[in-house]
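A.B. asks: What follows is a structure written as structure tokens; I'll ask about it next.
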Amino acid sequence: MRRLWLTTLLLLCSPVWSQTVVASVEPLAKVLRSLYGDSVTVTTLLQANQNPHQLAFSPRQVLAVQQADLMVWLGAGVEAPLAPLVARRQGSSVALLTLEGVRRRDGGHDHHHDHDAHASHDAITDPHLWLSVDNMVLLAGAVGQRFPAGLRPGQPQQWQQAAENQLQAERERLAPLARVPWLSYHQPWGYLSESLGLAEPLVVSEQLDAGPGSRRFVTLAGQVRDQQVRCAVQEPEARVGLLKRLCPDCYVQPLDPLGRDSSQQEYLPWLAELSAGFAQCLRAADQG
Numbered sequence: 006m007r008r009l010w011l012t013t014l015l016l017l018c019s020p021v022w023s024q025t026v027v028a029s030v031e032p033l034a035k036v037l038r039s040l041y042g043d044s045v046t047v048t049t050l051l052q053a054n055q056n057p058h059q060l061a062f063s064p065r066q067v068l069a070v071q072q073a074d075l076m077v078w079l080g081a082g083v084e085a086p087l088a089p090l091v092a093r094r095q096g097s098s099v100a101l102l103t104l105e106g107v108r109r110r111d112g113g114h115d116h117h118h119d120h121d122a123h124a125s126h127d128a129i130t131d132p133h134l135w136l137s138v139d140n141m142v143l144l145a146g147a148v149g150q151r152f153p154a155g156l157r158p159g160q161p162q163q164w165q166q167a168a169e170n171q172l173q174a175e176r177e178r179l180a181p182l183a184r185v186p187w188l189s190y191h192q193p194w195g196y197l198s199e200s201l202g203l204a205e206p207l208v209v210s211e212q213l214d215a216g217p218g219s220r221r222f223v224t225l226a227g228q229v230r231d232q233q234v235r236c237a238v239q240e241p242e243a244r245v246g247l248l249k250r251l252c253p254d255c256y257v258q259p260l261d262p263l264g265r266d267s268s269q270q271e272y273l274p275w276l277a278e279l280s281a282g283f284a285q286c287l288r289a290a291d292q293g
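For the sequence shown, the working numbering gives the first residue as 6, with consecutive numbering after it.
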């Protein structure tokens, strides 16, 4: 009886084991949930109503970054507002852009003026790195090495193999549609379309907050007509009316590159959802 009492007392006095992993964006959180399941608490820093291109963090978000046992983010090159918060952390962090072998795409050019008033143009990285399955396989391996406590049995190796297998299957499924032209308001899909073997889209606007001018609109309308574009992928920030005027015969497929509108909590089911969305749009265009 005395031994049972001592054991119970020790259990009551022992701290509850609880680990928290914070991901900067939801797709990274989806990968982490796949690796850890319910053994750790995975939270997403960027909220659904926040503009990822104009980040400002609340005191609660700042505290979440500081207190997380592990912080997983894209890196200072594409998440500059987050860099000072991560630099002040005491715990471990994994930045995707610092990993050897990460796939980067050119995201256009950053325009700024130097002191002698001459404009300079620096190539920037397309920030939608999570849409490269190869990048997520790389990230899973790095996270598993940096923070092995709480991993599901066989992880991250099982997930990495499953991701590679699924990507191959999705590519084969979409192969008959690989040359079908399509339209995108913005272009967040480069990593994914490259992974899936799809054609590069006709892009309406390089900036989410600026539509095409009248000359650009006329040029785009001609390209839509000449290329017989019948599929338009609509991101949440896209101007729907403009898309419909530009391509009135298009099948419009709403898709969110950040996964904010998806009920899928893990990455590979979400990948299947995105692939199915592209297949539906491209197939409708091909049959139209």
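Using N, Cα and C, we set each Cβ at its ideal position, and we do this for glycine too.
Please read all numbers here as calculations on a predicted model, not as lab measurements.
With C-beta atoms as the reference, is L134 less than 9 angstroms away from W194?
C.D. replies: no
A.B. asks: Please report the straight-line C-alpha distance between L101 and V107, rounded to a whole angstrom.
C.D. replies: 7 angstroms
A.B. asks: Could you tell me whether the Cβ atoms of D139 and G112 are closer together than 9 angstroms?
C.D. replies: no
A.B. asks: What is the rounded straight-line gap between the Cα of A124 and the Cα of S210?
C.D. replies: Its pLDDT being 33, under 50, A124 is placed unreliably in this model, and the coordinates cannot settle the point.
A.B. asks: Counting along the chain, where does the alpha helix (DSSP H) carrying W78 start and finish?
C.D. replies: Per DSSP, W78 belongs to no alpha helix (DSSP H); it is in the beta strand (DSSP E), 75–78.
A.B. asks: Buried or exposed: which applies to T49, given that a residue is buried once 16 or more other Cβ atoms fall within 10 Å of its Cβ?
C.D. replies: buried
A.B. asks: Could you pull out every residue in the same chain whose Cβ sits closer than 7 angstroms to the Cβ of P259, ignoring the five residues on either side in sequence?
C.D. replies: Q239
A.B. asks: In terms of DSSP beta bridges, what is V148 paired with?
C.D. replies: According to DSSP, V148 bridges with nothing at all.
A.B. asks: DSSP state of L188, grouped into three classes?
C.D. replies: Three-state DSSP puts L188 in a strand.
A.B. asks: For the beta strand (DSSP E) holding Q239, just list the boundary residues, first then last.
C.D. replies: 236–239
A.B. asks: Which whole runs of the beta strand (DSSP E) in the region 241–266 are 3 residues long or more, in chain order?
C.D. replies: 256–259
A.B. asks: Does the count of Cβ pairs from the region 138–152 and the region 179–187 closer than 8 angstroms reach three?
C.D. replies: no
A.B. asks: Pick helix, strand or coil for A122, following the three-state DSSP scheme.
C.D. replies: With a pLDDT of 34 at A122, under the threshold of 50, the predicted position of this residue should be treated as unreliable, though the coordinate-derived value follows. Note: A122 maps to coil in three-state DSSP.
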